[in-house]
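Comments concern the structure below.
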Amino acid sequence: MDWWSVTTIWRWLRFLSKTVRLSALTAQPANLPLTIHELERHPLGTQAFIPMKGEVFVVVVALGDDKPDLSTLRAFITNGEQGVNYHRNVWHHPLFAWQRVTDFLTIDRGGSDNCDVESIPEQELCFA
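Just add 88 to wherever you are in the sequence shown, counting from 1, and you've got this note's numbering.
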């Protein structure tokens with residue numbers, strides 16, 4: 089590898105370390121009935137969650153600009169073979185594991201101060 093390639097890679101890694109954060113997260117199983125009191129969004133970048141052992145988990149999302157539009161609130165149960173990537177400004181609830189404690193690889197893009205939290209009236213979620 090020549091000097092230019094090493095320098096380019098180093099600059100890219102320095103940039104990446106300022107804009108992307110990798111971490112591990114452990115989510116607890118959801119209690120039923122599932123109720124939520126707040127939603128969050130990340131205005132500066134995306135946020136991804138990948139289950140480490142193929143565990144099923146709950147995804148809760150809503151549309152909305154400045155505040156979540158609760159008429160669009162939806163909850164999904166994953167199949168355990170997929171992760172989820174929230175685009176910028178998508179309102180969502182922090183993760184719920186479904187039946188057992190679940191470990192996730194998380195990828196946060198956007199740097200610090202990248203989380204808006206909005207309290208909402210208590211919502212009880214139903215799954216079809």
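Positions of the beta carbon are idealized from the N, C-alpha and C atoms, including for glycine.
Query	Result
E212 at chain C interface by Cβ criterion, 9 Å	The structure shown has no chain C; it contains just one protein chain.
Buried or exposed (CB count within 10 angstroms, at least 16 for buried), V189	exposed
Neighbourhood of E212 by C-beta distance below 6 Å, restricted to the same chain and skipping five residues each side	P121, T123
Where T166 sits in the DSSP three-state scheme	coil
Own chain, CB closer than 7 Å to H181, minus 5 neighbours either side, in chain order	I124, L127, V148
T134 in three-state terms, based on DSSP	coil
Local conformation of L158 per DSSP, three classes	helix
Of the listed residues A150, V205, N173, nearest to D196 (C-alpha basis)	N173
Residue nearest to G142 in terms of C-alpha spacing, selected from A136, Q135, N167	N167
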